[in-house]
Amino acid sequence: MAMAAGSTQALPTDPLQLKRRLLLQGGGFALLLLLSFSGTLYWGIAVQRGEDQRTELASWPPRPRPSCP
């Protein structure tokens, strides 16, 4: 698949603008990684919690405690 002409911006010639652009791209990538990790972590916790709740409901009603003599 060919890219359309002009679909990518030319790199700025000013070193300060180039540095700013690279920092923004790096920051965006870091944010993307952080969101990906936190979403995966949340999903794993939610799955484990659902399994724990199913296990708890499967053992319902709880066994009666033996009475003390």
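Following the numbering used here, the numbering of the sequence shown begins with 4 at its first residue and continues without gaps.
Ideal Cβ placement from N, Cα and C applies to all residues, glycine included.
Rounding to the nearest angstrom, what Cα-Cα distance links residue i and residue j in this structure?
i   : j   : result
K22 : T16 : 10 angstroms
E59 : Q51 : 12 angstroms
Check residue i in the structure and name its three-state DSSP category.
i   : result
D55 : helix
S62 : coil
R24 : helix
P18 : helix
Relative to the alpha-carbon of residue i, which residue among the options has its alpha-carbon at the smallest distance?
i   : options          : result
Q12 : L19, R24 and P18 : R24
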